[in-house]
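What follows is a set of notes on a single structure, which appears directly below.
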Amino acid sequence: MSQETEVSIFRKSEIIGCVLIVAAALAGCGTARTVQVKVPVPLECRVQTPARPAMPLDALRPPYDVDTWVAHAIAEVDVREAYEKELAAALGECTNPI
401 MSQETEVSIF RKSEIIGCVL IVAAALAGCG TARTVQVKVP VPLECRVQTP
451 ARPAMPLDAL RPPYDVDTWV AHAIAEVDVR EAYEKELAAA LGECTNPI
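Under my numbering, the first residue of the sequence shown carries the number 401, and numbering increases by one thereafter.
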């Protein structure tokens, strides 16, 4: 083999080696398949807390009789139940599944 042929063979193998390296690098840079994963993400709760209503028994001042007190107590139960529903609705907004 002549010197020229050896250089030519060496040059070809060098080019083939470079092509293989570039091909391997490009194959490694291929895009990965996108996988959608559903993970709940915590979010800040932006619901206003309902204002506490004035309770009928708090407004009652002595002297008062039993009938007046009972009427105010019954009214307060209704007011508290309505307030409880408002609070439960606000809490429900913050705890609903995403």
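C-beta atoms are modelled at their ideal positions from N, C-alpha and C, and glycine is treated no differently.
Everything numeric in this text was worked out from a predicted model, so none of it was measured.
Cut-off 8 Å between Cβ atoms - residues of its own chain near residue i, not counting five sequence neighbours on either side
i, result
"C494", "C445 and V447"
"A490", "V447, Q448, T449 and P450"
When the options are compared against residue i, the one with the closest alpha-carbon
i, options, result
"A482", "V435, P453 and I421", "P453"
"I474", "A488, S408 and L457", "L457"
Beta-carbon contacts of residue i that lie in its chain and below 7 Å, excluding the five residues immediately before and after
i, result
"L420", "none"
Alpha-carbon spacing of residue i relative to residue j, whole angstroms
i, j, result
"E484", "V477", "10 Å"
"K438", "V470", "54 Å"
"E486", "D467", "29 Å"
"P442", "R433", "27 Å"
"A425", "P440", "37 Å"
"V422", "Q436", "31 Å"
"S408", "A427", "28 Å"
"M455", "A488", "19 Å"
"D465", "R480", "22 Å"
Using 8 Å as the Cβ pair cut-off and three pairs as the minimum, do the segment 453-462 and the segment 410-422 touch? no
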